[in-house]
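Quick note on numbering: the sequence shown equals residues -24 to -1, 1 to 515 in mature numbering (1 follows the signal peptide of the UniProt record, and there is no 0). Virtual Cβ for every residue (Gly too), placed ideally from N, Cα, C. Quick caveat: nothing in here was measured; it's all calculated off a predicted structure. Here is the structure we will look at, set down as structure tokens.
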Amino acid sequence: MAEAGLLLSVASLTFQVFSGCVQGYQLITDAKNMPKEFQYLRVRLKTEQYRLLDWAHVVQLDEQDDRLLISNASKGTLLDVLDQQNKLLQAFGKVDEKYKRLRKPLLTDAEEFTGELPNPPPYTPETSPLEPTSPNGIPGITRADTNFQSRFPHMHNLALLAQIKALNSAIDSGTLTDEFTKDLGLGHTASEIRSVELDIKNIKFIGPEPEEHGESQRVEAYYQLPSQKRRQVWIEWKSYDPHTFNSGPDDKVHERVKALAALLKENNRTDQFRAPHCLGYFRDIDPEGEDHCRFGLVFEKPAGVHQSTRPISLLELLRDASPDAEMPSLTDRIALACRIAECIERLHAVNWLHKGLRSSNILFFSDTGPRDVDFNLPYLSGFDYSRPAQNEDMTEKPPENAASDLYRHPRVQGSGNRETASAGGFKKSYDLYSLGVILLEIAYWRPIDEVLKIPNLQEARPSTTIKVRGRLLDEKEGYLRHVRSHLGNTMHAVVKSCLEGPLAFGLKDGDDEKMEEVGAELQRQFYEKVVKELGEMNV
């Protein structure tokens, strides 16, 4: 019994020291008025904090530690490492106390027009809710009814993102095993996660096919497994070029579609990306054996939505010229912009690139039609060109399409304008550029081709689309001035940062975004200059 009690004590102390480390990281990274030349330290500390949180989730660290995936022999070493880290972080508090007279004014965001520093209220650090369980003061385990997540409100989302990121890496590298899925607590075996190919015999299409080069590549369908109830779904097409004449898709393209379907299907459980629920994919081969050279990704309708309700795209709302169509309120438009930006932030947090961001891929569901759309509940679709950020072999040239190229950075547009993989391939900042175009559309509440006064989009040439970025950033054109005058300085700065790209986010031209430090800085700056700013806008 004495040995069991000792193990419980060590486990409790491990959790307490871990908690202190998390709080120490948070204290330092939240410091105000950090000199610009030291901002890179904040990025590194934040990266280390996320690594620590990811590790805690993977090893299943909690208050009881009864599921801790670490041997008893290693717990002492683990505790020593965490304790040293905690002491280093808490030493910051001693320096803070030493310079107490300089500290107080920096703990307030108040501004004085007199030029003098304000007199702030006394600073009282928040005490830990963790309680000691022994008279000699050794911190012990918290009450069983104390929720660990309530102590770290953002940790649950971080843990889920870390889980998706680990799954993404495992699928991409071919290391997905039952042991891995069990360690991550996914609730599915490796074969169940990989089992995403559907039988086309169970799918029946409804209505006409969309135009080959139209802005929508979706079609409604019924999906019914044997002895199960029929449900209405919709299909998104992903075309491919045959590897050789009368052959199937390239193996790499096929594997990418499988990985995409698996990741989106697993997201059904966590809903981290506001992506529609994916059931799987199929190859479009008709009963006569004719291959239509495309994959179909199958999505089901959100919970609470009638099965017959079709998705409404943001582009449809922007093009709605009916007499009763109205521009949404500024509050609704800001909320929509914020939700989309948050979704992109989470997608990039797991190193997944969208590569197809445009208003036709922002979806809404309303049983009563477009007049009752909830702009707080958009869904991000059109993942047909997504891929892991590190995998250059999975880069594929998009089809030449002026309607899509209007949203693409000039370096990754269609024929004649595409950057090659040797020059760096697709980057997160290109997704952010596409986001900037969508935010501009939301500001105008008009599609980008109408904003730019492009008369015939179907006949637009590459020489027109490649100039879009320059036109949007040109002060003489006045597009950004319109945003500032109608939606304010904050929205103007957000849109401009997305359109400008890396330089606006503190990077140097030519920085490799796949490098860990560069990627972390871009992620942090995107949060600070876009996501956070949009979230704090009050109308």
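If you draw a straight line from the Cα of Leu201 to the Cα of Leu160, it is about 29 Å long.
Secondary structure note for Ile320: its alpha helix (DSSP H) is the uninterrupted segment Leu306 to Ala325. Ile414 places its beta carbon less than 8 Å from that of Leu333. One Cα belongs to Gln25, the other to Ala379, and the distance between them is close to 42 Å. For Leu356, the three-state secondary structure derived from DSSP is strand.
By the Cβ test, the region 298 to 305 is not in contact with the region 320 to 336, since fewer than three Cβ pairs between them sit closer than 8 Å.
If you draw a 10 Å sphere on the C-beta of Thr441, you find 16 or more other C-beta atoms in it, and that means buried. When DSSP reads this structure, Leu273 sits in a beta bridge with Glu212 and Tyr257. Separation of the CB atoms of Phe275 and Val349 is rounded to 18 Å, and the pair is thereby denied contact status at 8 Å.
Annotation for Phe351: no beta strand (DSSP E) segment contains it, and DSSP assigns it neither H nor E.
Per the coordinates, the alpha-carbon of Leu65 lies some 15 Å from the alpha-carbon of Thr23. Cβ neighbours of Leu428 within its own chain (closer than 7 Å, five residues either side excluded): Val444 and Arg447. Tyr383 carries a coil assignment under DSSP once its states are collapsed to helix, strand and coil. Contact between the region 170 to 178 and the region 250 to 259 is present: 3 or more CB-CB pairs across the two stretches fall below 8 Å.
Restricting attention to Asp227, Asp154 and Tyr409, the CA atom closest to the CA of Leu479 is found in Tyr409. Annotated three-state conformation of Ser289 is strand, per DSSP. In its chain, beyond the 5 residues on either side, Arg447 have a beta carbon closer than 8 Å to the beta carbon of Glu453. Bridge pairing for Glu173: Tyr257 [DSSP]. In the assembly as shown, Gly265 is an exposed residue. Its beta-carbon has fewer than 16 other beta-carbons within 10 Å. The alpha carbon of Val326 has as its nearest neighbour, out of Ser145, Ala436, Thr466 and Glu489, the alpha carbon of Ser145. Counted as a single uninterrupted DSSP element, the stretch harbouring Leu411 is not any beta strand (DSSP E) but the alpha helix (DSSP H) occupying residues Lys404 to Tyr420.
Here Glu231 carries a helix assignment [DSSP, helix/strand/coil]. Excluding sequence positions up to five before and after Lys403, its CB lies within less than 6 Å of the CB of Glu489, all in the same chain and listed in chain order.
Going by beta carbons, Val281 and Asp343 fall inside the 8 Å limit. By the CB criterion at 8 Å, Pro252 and Pro278 fall inside the cutoff.
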